[in-house]
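In UniProt numbering, the protein residues as written are 1 to 270.
Some notes on the structure that comes next.
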Amino acid sequence: MTLPTLHDLHRPLGSTGLLVSPLGLGTVKLGRDQGVKYPSGFQIPDDDEARMLLRQARQLGINLIDTAPAYGRSEERLGPLLRGQRQDWVIVSKVGEEFEEGVSRHDFSAAHTRMSVERSLKRLETDFIDLVLVHSDGNDLHILNDCEVYQTLAELKREGKIRGFGFSGKTVEGGVKALEQGDCAMVTYNLNEQAEKAVIDYAAVHGKGILVKKALASGHVCLEPGMDPVRASFMLLFAQTGVASAIVGTINPLHLAHNVATAAQVIRQL
Numbered sequence: 001m002t003l004p005t006l007h008d009l010h011r012p013l014g015s016t017g018l019l020v021s022p023l024g025l026g027t028v029k030l031g032r033d034q035g036v037k038y039p040s041g042f043q044i045p046d047d048d049e050a051r052m053l054l055r056q057a058r059q060l061g062i063n064l065i066d067t068a069p070a071y072g073r074s075e076e077r078l079g080p081l082l083r084g085q086r087q088d089w090v091i092v093s094k095v096g097e098e099f100e101e102g103v104s105r106h107d108f109s110a111a112h113t114r115m116s117v118e119r120s121l122k123r124l125e126t127d128f129i130d131l132v133l134v135h136s137d138g139n140d141l142h143i144l145n146d147c148e149v150y151q152t153l154a155e156l157k158r159e160g161k162i163r164g165f166g167f168s169g170k171t172v173e174g175g176v177k178a179l180e181q182g183d184c185a186m187v188t189y190n191l192n193e194q195a196e197k198a199v200i201d202y203a204a205v206h207g208k209g210i211l212v213k214k215a216l217a218s219g220h221v222c223l224e225p226g227m228d229p230v231r232a233s234f235m236l237l238f239a240q241t242g243v244a245s246a247i248v249g250t251i252n253p254l255h256l257a258h259n260v261a262t263a264a265q266v267i268r269q270l
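Next comes the structure, spelled out in structure tokens:
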């Protein structure tokens, strides 16, 4: 019996023109093992393991890959790992957060935004990034109203260096405002946290893209005995018409295959 894949379930990311798989591969674990909020420790995969994981993701129909400068060495590892495959992937990266020597810092200035995108282009060995999101520190409205990051991303889009831009925030007000001016919002939405549902609803009405982070509550989701937490999570998520894709950050091939099979079954049932 062949397990279901996501190849025929790709869907539009809002009105960006990008078609994305309903699950995306998050790559924080390819680049960083400090200051991460997972229930159990892990070892950063070596290049062979990372290459196998990416190949498996592609075979399972995943075409969306999520990275960020704040994910340690993730971007600079993905560049060589994805050589010759650029046309197969929709690459999402971020601006605004740097992670150095175990500590995060934020910079939403025009100069830093432009430097960060140019650096991501070099690290990822590409001429353009499909989508760049602002990595919010939680002060969403301040970032959008008082900083230059969003205007700078709009300029970079006009220059063809990025195809779309948006916001990975922490508040409903920030998410909605970000969608008014941008292409996509990344929201937290899972069995434990549903405060940002209004952002998903806004996106569905206005043809904007939604990516979901912490879809499985970073591995912390708890349920009644006998229930599959992955299935229950995906039933909740994919019932929302505004959701384009959920990012899963596993580096375990069995978990990835199970996540894909479960998502495919859930989406076909809905």
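Note that CB positions come from ideal geometry on N, CA and C, so glycine has one too.
Keep in mind it's a predicted model, so treat the numbers as computed, not measured.
#### Entry: From ALA50, GLU97, GLN181, residue whose alpha carbon lies closest to that of ASN252
ALA50
### Query
Among the residues of its own chain, which have a CB less than 6 Å from the CB of PHE108, if the five just before and after it don't count?
GLY96, ILE143, CYS147, VAL149
### Task
Return yes when the Cβ of LEU256 is within less than 8 Å of the Cβ of ALA57, no when it is not.
yes
### Query
In whole angstroms, what separates the C-alpha of THR250 from that of ARG105?
25 Å
### Query
Quick one, which of LEU191, GLY174, THR5 has its alpha-carbon nearest ASP228's?
LEU191
### Task
State buried or exposed for residue 272, treating a residue as buried only when at least 16 other CB atoms are found within 10 Å of its CB.
Examination of residue 272 is not possible in this model, given that the chain is present from 1 through 270 alone.
### Message
Along the chain, where does the beta strand (DSSP E) containing ASP66 start, and where does it finish?
### Response
64-66
### Query
Do you know whose CA, among GLU75, ALA246, PRO225, lies nearest ILE210's CA?
ALA246
### Message
Suppose only complete runs of 3+ residues qualify. What are the beta strand (DSSP E) ranges in the segment 20-48, listed by chain order?
### Response
23-26
### Query
Looking at the unbroken beta strand (DSSP E) that takes in SER104, where does it start and where does it end?
103-106
### Task
Could you tell me whether the Cβ atoms of SER93 and SER120 are closer together than 8 Å?
yes
### Query
Terminal residues of the continuous alpha helix (DSSP H) containing LYS177?
172-181
### Message
Let me check one thing: in DSSP terms, what residues is ALA110 bridge-paired to?
### Response
According to DSSP, which records beta bridges pairwise, ALA110 is partnered with nothing at all.
#### Entry: GLY72 beta carbon near the ligand MG (any heavy atom closer than 7 Å)
With respect to the ligand MG, the structure offers nothing, as it holds no ligand at all.
### Task
Give, in chain order, every unbroken run of the beta strand (DSSP E) that is at least 3 residues long and sits entirely within the segment 55-93.
64-66
### Query
Looking only at its own chain, which residues have a Cβ that is under 6 Å from the Cβ of HIS7, when we skip the five neighbours before and after it?
GLY61
### Query
Is GLY160 buried or exposed, if buried means 16 or more other CB atoms sit within 10 Å of its CB?
exposed
### Query
With DSSP run on the structure shown, which of helix, strand or coil describes VAL187?
strand
#### Entry: Option nearest LEU156 by Cα separation, candidates VAL117, LEU3, ARG86, HIS206
VAL117
### Message
Which residues does DSSP list as the beta-bridge partners of LEU211?
### Response
MET186, SER245
### Task
Specify, as a first and last residue, the run of the beta strand (DSSP E) that THR206 falls within.
What sits at residue 206 in the sequence shown is His, not Thr. No beta strand (DSSP E) contains HIS206, which is instead part of the alpha helix (DSSP H) from 197-206.
### Message
With distance defined between alpha-carbon atoms, name the residue in ALA261, GLN269, ARG268, ILE267 nearest to THR2.
### Response
ALA261
### Query
By Cβ distance below 8 Å, which residues in the same chain neighbour GLN59 in space, the five residues on each side in sequence not counted?
THR5
### Message
To the nearest angstrom, how far is the alpha carbon of ALA110 from that of SER21?
### Response
31 Å
### Task
Compare the beta carbon distance of ASP46 and VAL90 with 8 Å and say whether it is the shorter of the two.
no
### Query
Where do the N-terminal and C-terminal ends of the alpha helix (DSSP H) with HIS7 fall, by residue?
Taken as a continuous stretch (DSSP letters only), HIS7 belongs to no alpha helix (DSSP H), as it is neither H nor E.
### Task
Enumerate in chain order the residues of its own chain whose CB-to-CB distance from ILE267 is below 7 Å, with the five nearest sequence positions on each side excluded.
LEU9, PRO22, PHE238
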